[in-house]
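Numbering (my numbering), first residue to last: 2 to 276.
Taking it in order: structure first as structure tokens, then the write-up.
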Amino acid sequence: MSGTKIIMKFAKKNSLRDNAAGRQSHRILSQILTPSTQAFFEKVHFKKGMMGLDLGCRNGDNTLKLKAMIGEEGKMIGLDSNKIHIKIAKEKAIQNNEYNIEYRHQNILEWKESNTYDFVYSRLFFNQIRKPLSVLQQVYNSLQIGGFAMVEDMDFSQFYCFPNCFAFDRFVELFLEIKKLQHTDANIGKHLYPIFKESGFKNIHLQSVSPNFLTGKNKRIASLTLENIATILIDEKLTTPTEIQALLFELKAFEKRKNTLIALPGIYQVWGFRF
């Protein structure tokens, strides 16, 4: 297969989740995190009739789960800056006969509300933005007194494989270069506690989960992510089509082997209250 044919599959935008590989990677990651996210929800007391916000809601899966926890009389808002995400989320809500969810397409960096929500939830959003402290301070302001925020995000430094694999190490290096260009923090998970504290939250709690796999489709996160960011890597002259082709070949072969381990980025879960 030629390098040109591979490039045709790559994302056309400078995003980590714009093409088919990115969407597949997100679906796999969402399935992996479902049990730990559900356990995270059980750390706080959701009451019937609450008003909640899912910040960076993507396709609305977690919005629906949160809506189920606050009952028919509760209301959820899903906010995302991607029109496609909002369209999919609205369709899922209709399919689930759930009409007390409002989805909004908005630039979250420009979002401002005050004393509106009983809780705000967000997963894997803060690693994508340049000013996480500013956004978390806005989350704080958007809460009613007694409200709480729950955030899940990654620590990319915990992404590793065994045994050593050159293609995996090179993928990690390239991914971090992209994050550097975007001025975003791939390791924001470990920094959530201090920015919660600086934002004014009290009674802050923290825990982490570290998914790892020896077999199955869950091991494909690295190769799918590399395929997804290939175009921007090439456009920024961080690599070449030839290198991408070679890295994908080696990485996919490594992921298929049953005697290899892929440990995904650790996920930090932090929650705190506005008193």
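A virtual CB, placed ideally from N, CA and C, is assigned to each residue, including glycine.
No experiment lies behind these values; they were computed from the predicted model shown.
Residues in its own chain within less than 7 Å of residue i by CB, not counting five upstream and five downstream?
i: VAL173; result: PHE160
i: LYS91; result: TYR104
i: LYS218; result: ILE29
i: TRP112; result: LEU80 and GLN139
i: THR216; result: LYS259
i: MET9; result: Residue confidence for MET9 is low, a pLDDT of 35 falling below 50, so the modelled location carries little weight; the figure read from the coordinates is stated next. Closer than 7 Å at Cβ, skipping near neighbours: no residue.
Return the bridge partner residues of residue i from the DSSP annotation.
i: PHE214; result: ILE263
i: TYR161; result: ALA264
i: ASP154; result: TYR269
i: LYS203; result: PHE274
i: ILE102; result: MET77
i: GLY53; result: MET77 and PHE120
i: GLN208; result: GLN270
i: LEU144; result: TYR118
i: PHE47; result: BP columns for PHE47 are empty, so no partner.
i: PHE149; result: PHE120 and PHE274
Should residue i and residue j be called a contact, given that it needs their Cβ atoms to be closer than 9 Å?
i: ILE230; j: PHE169; result: no
i: GLY50; j: GLU74; result: yes
i: LYS198; j: PHE274; result: no
i: ALA247; j: CYS162; result: no
i: ILE33; j: PRO212; result: yes
i: ALA22; j: GLU228; result: yes
i: ILE179; j: LEU234; result: yes
i: TYR122; j: LEU193; result: no
i: VAL45; j: PHE127; result: no
i: ASN108; j: SER143; result: no
i: LEU182; j: GLU237; result: yes
Out of the options, which has the shortest C-alpha to C-alpha gap to residue i?
i: ASN83; options: ARG105, ILE196, PHE157 and ALA187; result: ARG105
i: THR35; options: VAL136, LEU67 and ILE233; result: LEU67
i: PHE47; options: TYR194, LEU234, GLU251 and GLY147; result: GLY147
i: LYS191; options: VAL210, GLN183 and HIS184; result: VAL210
i: LEU125; options: ASN188, MET52, ASN213 and LYS253; result: ASN188
i: GLY201; options: HIS27, ASP81 and SER135; result: SER135
i: ARG221; options: THR232, PHE255, LEU182 and LYS238; result: PHE255
i: ASN165; options: LEU227, SER37 and GLU251; result: GLU251
i: VAL152; options: GLN145, GLN25 and LEU137; result: LEU137
i: HIS27; options: LYS44, GLU43, ARG59 and SER37; result: ARG59
i: HIS86; options: ILE245, PHE42 and ARG24; result: ARG24
i: GLN145; options: GLU114, THR226 and LEU249; result: GLU114
i: ILE196; options: TYR141, ARG171, LEU249 and LEU239; result: TYR141
i: GLY239; options: PRO266, SER31, ARG171 and PHE276; result: It is worth fixing the name first, because residue 239 is Leu in this sequence and not Gly. Nearest option by C-alpha distance: ARG171.
i: ASP186; options: LYS257, LEU249 and PRO266; result: PRO266
Can you list, in chain order, the residues of its chain with a C-beta nearer than 6 Å to that of residue i? Leave out the 5 residues immediately preceding and following it.
i: MET52; result: LYS76, TYR118 and ASP119
i: ALA264; result: TYR161 and ASN213
i: SER16; result: Below a pLDDT of 50, predicted positions are generally treated as unreliable, and SER16, at 44, falls in that range; the measurement from the model is reported next regardless. The answer is none, since no qualifying residue turns up.
i: THR241; result: none
i: LYS253; result: SER224
i: GLY72; result: LYS49
Flag residue i as yes if its beta-carbon sits less than 9 Å from any beta-carbon of chain D, otherwise no.
i: PHE160; result: The structure shown contains no chain D; it is built from a single protein chain.
If you drop the 5 nearest sequence neighbours on each side, which residues of the same chain put their C-beta closer than 8 Å to that of residue i?
i: THR261; result: CYS162, PHE163, PRO164, CYS166, LEU215, LYS220 and PHE255
i: THR226; result: LEU17, ALA22, GLY23, SER26, PHE172 and PHE176
Three or more C-beta pairs below 8 Å linking the segment 92-104 and the segment 150-157: no
Segment contact flag, the segment 205-212 with the segment 262-271, C-beta cutoff 8 Å, min 3 pairs: A contact is defined here as three or more CB-CB pairs under 8 Å, and the segment 205-212 meets this definition with respect to the segment 262-271.
Touching by the beta-carbon criterion (3+ pairs, under 8 Å), the segment 128-139 and the segment 58-65: no
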